[in-house]
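Peer 1:
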Amino acid sequence: MSESRWKVPESWAWVASGEISRIVGGGTPTTSDQTNFSNDAVAWITPADLSGYRETYISKGKRDLSEKGYQSSSATKVPSGTVLYSSRAPIGYCVIAAKEISTSQGFKNFILKGGISPEYIRYYLLSSVEYAESLARGTTFKELSGARAAQLSIPLSPLPEQRRIVAKLDSLISRTAHARVALDQVPALIEKYKQTTLRKAFSGDLATGWKNNKGTSQSTTVHLGDVVADIRYGTAKKSYPERRGTAVIRIPNVAGGQINLTDLKYTTFDENELRKLALQSGDILVVRSNGSSDLVGRPALITEAEAGLAYAGYLIRLRPNVKRVYPAYLKYMLDSPQIRKKIKYIVRSSNGIHNINSGELSSLELPCPELGEQIEIVDRIEADFAWLGRVSDEHLAASKLISTLDPSIFQAAFKGELVPQNPHDEPASILLERIKAESGEMHANTKSGRKTMARAQKPIKRGARMADLIEVLKTKGDWVSASSAAQALGIGDGATSDAVEEFYNELRMHLQNGHVEVERRGDEDWLRLMPISEE
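Here it is, written out as structure tokens:
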């Protein structure tokens, strides 16, 4: 009996997936034997093949199985139109077989009956990952078993309505995908526009009111050291999370040209130290050492909110001579493409760390117009940046909205609210009766009648080198849960699907060879090493 997850139209029906499909698992041969694989033999996919895969259909994975690998595993060919659903590591990838194909054991594959639309079922499964996960069991990594997969409740609409829903979903999901791509490009466009503004600002193209009769800005070139009153490194003292002493600004607090006062650390200074290190409004902190060359030389302007705080040793403080240079002008100039190019040229690298020192900063040549022109340039920059800030806010709001669109569309689709019902459509109940009445079920091109390659069964000598799983079970000495064994092999939450496949493949091999016994306890398998024979 299927669960009714929500109310659906009268012409629909809630059904268990096992009522409308034959569910087939997959298999994986021994991965250490490269002769089990081929570039062009039996098409075979794993969950890893679907990571980042956005297409509806699939015809092959990264590698095929050789005929030997296919025969020696439980992999089963399924026909085109089969819905392929990853049942572990992770649960929820879903595609449709474009041709006859096989899968690893990380799949439950739905061979649909009665002409049910595979595209309709795929869309529903993609929208129901959390529901499928709620039926899965396991501790280290959850798995949706074949029995549980057969219990998935499906809101089955009439066949013609399935096709209308799929057509509408294709259109809407395509549009949201295009909108998402366009939105993803906005941050880069904003940053590009900022760089264009800064380039123009320090090329004399913004402060038009200050141009001379030749049409050029009245600017002189100076060294940075000529327009700052003090250049000083920060403290080498270790700082701590406890709020004792003075807050110390560190590199993580310098972001986007500003100071972020979250996650501050503290240390104590004597009066003389604090007099040298205390920041003032209008100071500029510059990153002098970092693993990222793009961060080296990046500035942040100190405001009244940070005045009185100290700063760490990987930062350099510039104290502008306000009679020569406007602090915000100097900060923006250090971030301009022209000056960034100069900074990157003089940055030194050693063992992956990039550095610039106070002498190198002091020697930078900078354009220095009159103070009035500097102020106008800053006003123009900040006007442009304020507009870009509003664009960024709108982008963030749109991104949050679009992340809710697909779930809302799916919800409407599978509640019968996306397209109108047609009273002339054959109800789903009639379709179900016809499926039940069919004399034969749909069959995949299975392995009935084929021979599995025989394995040589030799007793294992005590002291012979055994697989890692065997070593883990030896160490444990008694029953151990499969999840604990997997964790001992470094396979836990976040493990790759290939690693999970390898673990299950090794376990299957040892079970077949009689090296390991298994006992089901609750929702998990427990393993124990079988006695080892001696010669």
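With the numbering used here as the guide, the letters of the sequence shown map in order to residues 1240 to 1774. Note that the Cβ used here is the ideal one computed from N, Cα and C, for glycine as well.
1) Which same chain residues, not among the five before or five after K1581, have their C-beta less than 7 angstroms away from its C-beta?
2) Enumerate in chain order the residues of its own chain whose CB-to-CB distance from M1692 is below 6 angstroms, with the five nearest sequence positions on each side excluded.
3) What would DSSP say about G1257, mapped onto helix, strand or coil?
4) How far does the alpha helix (DSSP H) with Y1362 in it reach, from first residue to last?
5) Measuring CB atoms only, is the segment 1588-1596 touching the segment 1521-1535, in the sense that at least three cross pairs come out at less than 8 angstroms?
6) Give the range of the alpha helix (DSSP H) segment to which H1417 is assigned.
7) Whose C-alpha, out of Y1324, S1413, V1586, D1645, is nearest the C-alpha of S1290?
8) In the structure shown, what three-state DSSP assignment does G1598 receive?
9) Would you check if the distance between the CB atom of N1275 and the CB atom of K1307 is smaller than 8 angstroms?
10) Any chance the segment 1346-1357 sits against the segment 1383-1400, with 3 or more Cβ pairs inside 8 angstroms?
11) What three-state label does DSSP hand E1612 in the structure shown?
12) So what does DSSP say about S1528, is it helix, strand or coil?
13) Express the C-alpha separation of I1541 and Y1479 in angstroms, rounding to a whole number.
14) Please report the Cβ distance between L1408 and A1652, rounded to the nearest whole angstrom; I am assuming they are in contact, meaning their Cβ atoms lie under 8 angstroms.
15) Any idea what DSSP makes of F1624, helix, strand or coil?
16) Using CA coordinates, which residue listed in W1253, F1742, K1639 is at the minimum distance from L1670?
17) Ignore the nearest five residues each way along the sequence and tell me which others in M1572's own chain have a CB closer than 7 angstroms to its CB.
18) Decide yes or no for the touch test of the segment 1654-1670 against the segment 1403-1417: beta carbon pairs closer than 8 angstroms, at least 3 of them.
19) Mark R1327 as exposed unless 16 or more other C-beta atoms lie within 10 angstroms of its C-beta, in which case mark it buried.
20) Skipping 5 residues on each side, what residues in its chain have a beta carbon closer than 6 angstroms to that of A1486?
21) Once the 5 residues before and after N1625 are set aside, which same chain residues still bring their CB inside 7 angstroms of it?
22) Report the option in E1358, A1375, Y1359, Y1362 whose CA atom is closest to the CA atom of G1345.
23) Under DSSP, the alpha helix (DSSP H) around I1585 begins and ends at which residues?
24) Are the Cβ atoms of S1305 and S1277 separated by less than 8 angstroms?
25) For R1704, does the three-state DSSP call read helix, strand or coil?
26) List the residues that DSSP assigns as beta-bridge partners of P1394.
27) Does DSSP put S1588 in a helix, a strand or coil?
28) Here's the rule: buried if 16 or more other CB atoms are within 10 angstroms of the residue's CB, otherwise exposed. What is A1725?
29) Given a cut-off of 8 angstroms on the beta-carbon distance, is the pair R1558 and A1468 in contact?
30) Measure the C-alpha to C-alpha separation of P1666 and G1753 and round it to an integer number of angstroms.
31) What residue does the beta strand (DSSP E) around K1504 start on, and which one ends it?
32) Please state whether DSSP places T1435 in a helix, a strand or coil.
33) Restricting to runs no shorter than 3 residues, where is the beta strand (DSSP E) found entirely within the segment 1528-1565?
34) With a 10 Å radius around its C-beta and 16 neighbouring C-beta atoms as the bar for buried, classify A1708 as buried or exposed.
35) Determine the contact status of S1343 and T1267, defining contact as a CB-CB distance below 8 angstroms.
36) Which one of S1722, L1768, D1664 has the shortest CA to CA distance from T1714?
Peer 2: Concretely, from the data shown:
1) Locating residue 1581 in the sequence shown gives position 342, where the first residue counts as 1. Hits under 7 angstroms: L1603.
2) Here residue 1692 is taken as the residue at index 453 of the sequence shown, counted from 1. Reliability fails at M1692, whose pLDDT of 33 lies under 50, so the model's placement of it is uncertain and no value is given.
3) Within the sequence shown, numbered from 1, the residue matching residue 1257 stands at position 18. Residue state, collapsed to three classes: helix.
4) Counted from its first residue, the sequence shown places residue 1362 at position 123. It spans 1357-1365 - the alpha helix (DSSP H) in which Y1362 sits, taken as one unbroken run.
5) yes
6) In the sequence shown, counting from the first residue as 1, residue 1417 sits at position 178. First-last of the alpha helix (DSSP H) with H1417: 1398-1423.
7) In the sequence shown, the residue the question calls residue 1290 occupies position 51. For S1290, the nearest C-alpha among the options comes from Y1324.
8) Against the sequence shown, residue 1598 aligns to sequence position 359. In the structure shown, G1598 sits in a helix (DSSP, three-state: H, G or I).
9) Here residue 1275 refers to the residue found at position 36 when the sequence shown is read from its first residue. Here residue 1307 refers to the residue found at position 68 when the sequence shown is read from its first residue. Cβ atoms of N1275 and K1307: closer than 8 angstroms.
10) yes
11) Locating residue 1612 in the sequence shown gives position 373, counting from the first residue. Helix, per DSSP.
12) To locate residue 1528, count along the sequence shown from 1; it is residue 289. Strand at S1528.
13) Taking the first residue of the sequence shown as position 1, residue 1479 is located at position 240. Taking the first residue of the sequence shown as position 1, residue 1541 is located at position 302. Each residue's Cα considered, the two are about 22 angstroms apart.
14) If you number the sequence shown from 1, residue 1408 lands on position 169. If you number the sequence shown from 1, residue 1652 lands on position 413. Right, the Cβ-Cβ distance comes to about 6 angstroms (below 8 angstroms), so this counts as a contact.
15) Here residue 1624 refers to the residue found at position 385 when the sequence shown is read from its first residue. Residue state, collapsed to three classes: helix.
16) Residue mapping note: residue 1670 aligns to position 431 of the sequence shown, counting from 1. The option with the nearest alpha carbon to L1670 is W1253.
17) Within the sequence shown, numbered from 1, the residue matching residue 1572 stands at position 333. Excluding residues within five positions, the ones whose Cβ falls inside 7 angstroms are F1441, I1578, L1605.
18) yes
19) Residue 1327 sits at position 88 when you count from the first residue of the sequence shown. It is buried - the Cβ of R1327 has at least 16 other Cβ atoms within 10 Å.
20) Here residue 1486 corresponds to residue number 247 of the sequence shown, with the count starting at 1. Cβ within range, chain order: L1503, Y1505, L1548.
21) Here residue 1625 refers to the residue found at position 386 when the sequence shown is read from its first residue. It is Ala, not Asn, that sits at residue 1625 in the sequence shown. Answer for A1625: no residue qualifies.
22) On the sequence shown, residue 1345 is found 106 positions in, with the first residue counted as 1. For G1345, the nearest C-alpha among the options comes from A1375.
23) In the sequence shown, residue 1585 corresponds to position 346, counting from 1. Its alpha helix (DSSP H) spans residues 1576-1585.
24) Here residue 1305 is taken as the residue at index 66 of the sequence shown, counted from 1. Here residue 1277 is taken as the residue at index 38 of the sequence shown, counted from 1. It is a contact, given that the beta carbons lie within the stated cut-off.
25) Here the question's residue 1704 lines up with position 465 in the sequence shown. With a pLDDT of 30 at R1704, under the threshold of 50, the modelled position of that residue is not reliable, and no figure is offered here.
26) As a first step, residue 1394 must be located in the sequence shown, where it is residue number 155. For P1394, which the question treats as bridged, DSSP gives the partners W1253.
27) The sequence position of residue 1588 within the sequence shown is 349, counting from 1. Strand, per DSSP.
28) For the purposes of this step, residue 1725 is taken as residue 486 along the sequence shown, with counting starting at 1. With 16 or more Cβ atoms within 10 Å of its Cβ, A1725 is classed as buried.
29) Translated into the one-based positions of the sequence shown, residue 1558 becomes position 319. Translated into the one-based positions of the sequence shown, residue 1468 becomes position 229. Result yes, Cβ atoms of R1558 and A1468 sit closer than 8 angstroms.
30) Along the sequence shown, one-based indexing puts residue 1666 at 427. Along the sequence shown, one-based indexing puts residue 1753 at 514. If I take the Cα positions, the gap works out to 52 angstroms.
31) Start at 1 with the first residue of the sequence shown, and residue 1504 comes out as number 265. Segment 1504-1506, the beta strand (DSSP E) holding K1504.
32) The count along the sequence shown starts at 1 and reaches residue 1435 at position 196. Of the three classes helix, strand and coil, the one that applies to T1435 here is helix, per DSSP.
33) 1538-1540, 1554-1559
34) For this step, residue 1708 is matched to residue 469 along the sequence shown. According to the sequence as given, residue 1708 is Leu; it is not Ala. The residue in question, L1708, is buried, as its Cβ has 16 or more Cβ neighbours within 10 Å.
35) Mapped onto the sequence shown, residue 1343 falls at position 104. Mapped onto the sequence shown, residue 1267 falls at position 28. Their beta carbons are under 8 angstroms apart, which means S1343 touches T1267 by this criterion.
36) For the purposes of this step, residue 1714 is taken as residue 475 along the sequence shown, with counting starting at 1. Here the closest residue by C-alpha is L1768.
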